[in-house]
Amino acid sequence: MQGVDPAWLPDGAFRPIGTRRTLIRGAGPLVDTVHGEVAEACRRFGGRVVRDAGADAGADGTAYDLVLELTGPEGLGSEGFTCRRENGVTHVTAFGQTGLLYGLFHVVRLGERAFTQDRQKQAHRPAVALRMLDHWDNVAVHPVMGQVERGYAGGSLFWADGRARGELLGRVRAYGRLLAACGINAVAVNNVNVHAVEARLLTDRIGEVAAIADALRPYGIRVHLSVTFAAPMVLGGLPTADPLDEGVRDWWAQTTSRVYEAIPDFGGYVVKADSEGQPGPFAYGRSHADGANMLAAALTASDSGSAAGPGGTVHWRAFVYDHRQDWRDRTTDRARAAYDHFVPLDGQFAPNAVLQVKHGPMDFQVREPISPLIGAMPGTRLAVEVQATQEYTGQQRHVCWLGPMWSEALRFRADGESTVGELARGGLVAVSNVGDDPFWTGHPLAQANLYTFGRLAWQPDANPYGLLDEWIRLTYTPTRSEESARLEAGVYAVLSHSWRTYEKYTAPLGVGWMVQPGHHYGPSVDGYEYSPWGTYHFADRDGIGVDRSVATGTGFAGQYAKPWAEVYESPETCPDELLLFFHHMSYEHMLHSGKTVIQHIYDTHFEGVEEVEAALGVWASLVDLVDPARHARVTERFEEQLRSAREWRDQVNSYFFRKSGVADAHGRRIY
Ligand code: GCW
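Structure, rendered in structure tokens:
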């Protein structure tokens, strides 16, 4: 698209297909999409595509380099496909149309290799059925949060001037194309904090949601909607939103059936209830299972008989905690909240009610343990939520590639046996980092987070560094040249370590926060120390950290399954990087690394800034190889990152030097 960054689908990525002869067999709207992609590539690069919808129209395939065929084995489901190459023909088969589309993008990722190396038949299918992005987009510009809550990439991609971007649905379609190419199949189009205007998307404005769904459908993406639990009152004029009230249940059933009339393949609702001021079932003395099940019932009733595919689900968020805590109250621990609220409800949720849990017990900090809730709900379908938008990880002004963090989370054996990726039977969800910015994500390198999330959701045990390589090759060097290796190595060096670098110059050893209140950008060590949000580090002259042990602290460590409860209970076995999340330690405590806590703080903060300086140098050296606009945008953001990293270093180091009185072993400058 004109004026919009091509991200990981530059024209050059289609050259290997576009210079060859392709046969497409099968019929249906997504096969049309596949055909359109190949035809466009051929128009650009001189190849040829033949569309053969008939079952036995004669062609045996040997006159072609690539055959994309709707015929595969049912066992791979609607999204799976096979790929092989023999006798000079690359052959992709799929049972479902979406599978054929994913097969096409698989060939795009392979590039020239798809046509030069023989390969045995390999089956591919997603490990997780629902791979979703939640947009925290408002229709109207919110006075405090702006249009996109925690958005760092401009305004909303979906909504402009108070309505769905009719004239820009071309861009939404281009977005769907990028998402399909990394495996995402669901999008929630509005913020989980549902304000007055956005509430109406459910009723009289559902046509606008339907228009977005139309733009995304050709790429196999279903649309979901965030709704307010108070909808029967604010939209329906009822006196209550009690989930067990007959009138309320009828209202939801009727409203939902009208949603399905407008959007036959509607994905379902996303709900943030009794959380940070949003309404919920607690007001009526009802449980969150009562609330979720009422919506699940409305979705099931409306969807039955529709041929549009799997039915709608309610994604009920588990982010429920007391945000009006008194900081003097040492008995309340926010980290415990999700588990305390939801574990007693295990087994009570309807089959199409999915409990959506943030990966950590607090809130998307640069380092958190896994939420113990994930290992404690065997009778409930869980979705796990990560945050691609970089609220606490540099707000898309800092380079911070989150692949390794998400990968660690997904591989964690939360119940002692199964990994988080396996336990997330209800899906993997990321809060989107995209807006109407020409680079999609503000910081061009933040595109790597979106891409990596999609690919990890498809295969949670994939090696994230391999996915980073894949993204770099597609985005930067789809057409190989002598300089490809230098460019790839440079971009890899800038990104691969960036999450750890960010961790080094911000809050140490898992303690979190220390950000400026409200907007959450930049350092303020005590910014949240006396706030009602339940986010404290408890630093004093002797030490720092939160005692969450069972023996002497809040008992949070005891919420974990074995072996983690024991591992986290004792500072002896707790991993260094989480030590201050679980324990209050003296500054002189010796870490497993062989450094004291205080020396670790000093060293990592100096190193973090040095690593940013080095990465900036590497980026500068690529100036002759990167598109000038993209290079300039990254350079500008890097300068801000460096300024901000120095600010973090100096504030954090000075704070702890003043608290502890312990000098830096290396005598470096601390203020
Ligand atoms: O991290 C907090 C954010 C809020 C967000 C909330 C949530 C959408 O600061 O902006 O609200 O999490 O996840 O609901």
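For the sequence shown, this note's numbering assigns the number -7 to the initial residue and increments by one for each residue that follows. Where is the CB? At the ideal position from N, CA and C, for every residue including glycine.
Where does K264 sit, in a helix, a strand or coil, going by DSSP?
Residue mapping note: residue 264 aligns to position 272 of the sequence shown, counting from 1. If DSSP states are grouped into helix, strand and coil, K264 belongs with coil.
Kindly indicate the opening and closing residues of the beta strand (DSSP E) around K113.
Looking up residue 113 in the sequence shown gives position 121. K113 -> beta strand (DSSP E) spans 111 to 116.
Could you check whether the Cβ of V349 sits closer than 7 angstroms to any heavy atom belonging to ligand 1?
On the sequence shown, position 357 is the one that residue 349 refers to. Every heavy atom of ligand 1 is 7 angstroms or more from the Cβ of V349, so no.
Could you have a look at E521 and say whether DSSP puts it in helix, strand or coil?
Indexing the sequence shown from 1 puts residue 521 at position 529. E521: coil per DSSP, three-state reduction.
Should the segment 522 to 529 be called in touch with the segment 321 to 340, which here means at least 3 C-beta pairs below 8 angstroms?
The segment 522 to 529, when compared against the segment 321 to 340, does touch it at the 8 angstroms Cβ threshold.
For S585, which residues in the same chain have their Cβ closer than 8 angstroms to its Cβ, ignoring the five residues on either side in sequence?
To locate residue 585, count along the sequence shown from 1; it is residue 593. Excluding sequence neighbours, S585 sits near D568, H592.
Other residues of its chain near H27: CB distance less than 6 angstroms, five sequence neighbours each side excluded:
The sequence position of residue 27 within the sequence shown is 35, counting from 1. So the list reads I16, R43, once near-sequence residues are dropped.
From the DSSP output, in three-state form, read off A132 for me.
Here residue 132 refers to the residue found at position 140 of the sequence shown. A132 falls in the strand class under three-state DSSP.
Can you grab the Cα-Cα spacing for the pair W432 / I464, in whole Å?
Stepping through the sequence shown from its first residue, residue 432 is reached at position 440. Stepping through the sequence shown from its first residue, residue 464 is reached at position 472. Rounded to whole angstroms, W432 to I464 spans 16 angstroms at the Cα level.
How is the alpha helix (DSSP H) around G446 delimited, first residue to last?
What you label residue 446 is simply residue 454 of the sequence shown in a count that begins at 1. Here the alpha helix (DSSP H) through G446 covers 439 to 450.
To the nearest angstrom, report how far apart Y468 and L479 are at their CA atoms.
The residue you call residue 468 lines up with position 476 of the sequence shown. The residue you call residue 479 lines up with position 487 of the sequence shown. Roughly 8 angstroms between the two C-alpha positions.
So that I know if they touch, is there some Cβ in chain D lying closer than 8 angstroms to that of L217?
In the structure shown, chain D cannot be found, because there is only a single protein chain.
Any idea if Y663 is buried or exposed, counting beta-carbon neighbours within 10 angstroms, 16 or more meaning buried?
Counting from 1 along the sequence shown, the entry for residue 663 is found at position 671. By the Cβ neighbour-count rule, Y663 is exposed, with fewer than 16 other Cβ atoms within 10 Å of its own.
Please confirm whether W398 and F445 have their CB atoms less than 8 angstroms apart.
As a working mapping, residue 398 is identified with position 406 in the sequence shown. As a working mapping, residue 445 is identified with position 453 in the sequence shown. Against a cut-off of 8 angstroms, the Cβ pair of F445 and W398 comes out as a contact.
How would you call Q439, buried or exposed, if buried means at least 16 neighbouring beta carbons within 10 angstroms?
Against the sequence shown, residue 439 aligns to sequence position 447. Around the Cβ of Q439, a 10 Å sphere holds 16 or more other Cβ atoms; the residue is buried.
Run the proximity test for R7: is its beta-carbon closer than 7 angstroms to any non-hydrogen atom belonging to ligand 1?
For the purposes of this step, residue 7 is taken as the residue at position 15 of the sequence shown. Flag unset: Cβ of R7 not near ligand 1.
From the DSSP output, read off the bridge partner residues of H658.
Within the sequence shown, the letter at position 666 stands for residue 658. For H658, which the question treats as bridged, DSSP gives no partner whatsoever.
Is the closest heavy atom of ligand 1 to the C-beta of F356 under 7 angstroms?
Reading the sequence shown from its first residue, position 364 is the one you call residue 356. Yes - ligand 1 has a heavy atom lying nearer than 7 angstroms to the Cβ of F356.
Collapsed DSSP secondary structure at L614 in the structure displayed:
As a working mapping, residue 614 is identified with position 622 in the sequence shown. Coil at L614, not helix or strand.
Going by the beta-carbon positions, is the gap between L460 and S488 smaller than 8 angstroms?
Counting from one through the sequence shown, the residue named residue 460 turns up at place 468. Counting from one through the sequence shown, the residue named residue 488 turns up at place 496. Yes; because the gap between Cβ atoms is below 8 angstroms, this pair is in contact.
Which same chain residues, not among the five before or five after D48, have their C-beta less than 7 angstroms away from its C-beta?
Stepping through the sequence shown from its first residue, residue 48 is reached at position 56. Because D48 carries a pLDDT of 48, less than 50, the predicted location of this residue cannot be relied on, and no value is offered for it.
Ligand 1 and N183: does the residue's C-beta get closer than 7 angstroms to at least one heavy atom of that ligand?
Indexing the sequence shown from 1 puts residue 183 at position 191. Yes, the Cβ of N183 comes within 7 angstroms of a heavy atom of ligand 1.
Taking L374 and L347 to be in contact with their CB atoms under 8 angstroms, please state how far apart those CB atoms are, rounded to whole angstroms.
Your numbering for residue 374 matches position 382 in the sequence shown. Your numbering for residue 347 matches position 355 in the sequence shown. About 5 angstroms separates the two Cβ atoms, so the contact holds.
Endpoints, alpha helix (DSSP H) assigned at H27:
Taking the first residue of the sequence shown as 1, we reach residue 27 at position 35. Counting along the chain, the alpha helix (DSSP H) containing H27 begins and ends at 21 to 37.
Less than 7 angstroms separating the Cβ of F649 from some heavy atom of ligand 1?
Residue mapping note: residue 649 aligns to position 657 of the sequence shown, counting from 1. Not under cutoff, so the answer is no.
Tell me which residues share the same chain as A549 and place their Cβ nearer than 7 angstroms to its Cβ, disregarding the 5 neighbours each side in the sequence.
Reading the sequence shown from its first residue, position 557 is the one you call residue 549. Result list for A549: R540, S541, V542, A557, Y560, E561, F574, in chain order.
If I measure Cβ to Cβ from A299 and keep anything under 7 angstroms in the same chain, skipping five residues before and after, which residues do I get?
Against the sequence shown, residue 299 aligns to sequence position 307. Note on A299: pLDDT 49, under 50, position unreliable in the model; the coordinate value appears next. Nothing listed; no residue qualifies.
Could you check the C-alpha separation between T220 and G514 for me, to the nearest Å?
Locating residue 220 in the sequence shown gives position 228, counting from the first residue. Locating residue 514 in the sequence shown gives position 522, counting from the first residue. Taking the straight line joining both Cα atoms gives about 32 angstroms.
Would you tell me roughly how many angstroms separate the C-alpha atoms of Y120 and R101, rounded to the nearest one?
Translated into the one-based positions of the sequence shown, residue 120 becomes position 128. Translated into the one-based positions of the sequence shown, residue 101 becomes position 109. Rather than Tyr, the amino acid found at residue 120 in this sequence is Val. If you take the alpha carbons of V120 and R101, they lie about 20 angstroms apart.
Are the Cβ atoms of R359 and L570 separated by less than 8 angstroms?
Stepping through the sequence shown from its first residue, residue 359 is reached at position 367. Stepping through the sequence shown from its first residue, residue 570 is reached at position 578. Here R359 is near L570, since their CB atoms are less than 8 angstroms apart.
Secondary structure, beta strand (DSSP E): runs of 3+ residues fully inside the segment 189 to 257
Fully enclosed beta strand (DSSP E) runs of 3 or longer: 214 to 218.
A86 versus G18: straight-line alpha-carbon distance, rounded:
By 1-based counting over the sequence shown, the position of residue 86 is 94. By 1-based counting over the sequence shown, the position of residue 18 is 26. One C-alpha to the other measures close to 10 angstroms.
Here's a check: name, in chain order, each residue in its chain whose Cβ is nearer than 8 angstroms to the Cβ of R638, leaving out the five neighbours to either side.
Position 646 of the sequence shown, counted from the start, is the residue given in the question as residue 638. Hits under 8 angstroms: V601.
Should Q89 be labelled buried (16 or more other beta-carbon atoms within 10 Å of its own) or exposed?
On the sequence shown, residue 89 is found 97 positions in, with the first residue counted as 1. Under this definition Q89 is a buried residue.
CB-CB under 6 angstroms to S294, same chain, minus the five flanking residues each way: which ones, in chain order?
In the sequence shown, residue 294 corresponds to position 302, counting from 1. Closer than 6 angstroms at the Cβ level, and outside the excluded window around S294, lie T248, S249, Y252.
For L614 versus G482, is the C-beta distance shorter than 8 angstroms?
Your numbering for residue 614 matches position 622 in the sequence shown. Your numbering for residue 482 matches position 490 in the sequence shown. In contact: L614 and G482 (Cβ atoms closer than 8 angstroms).
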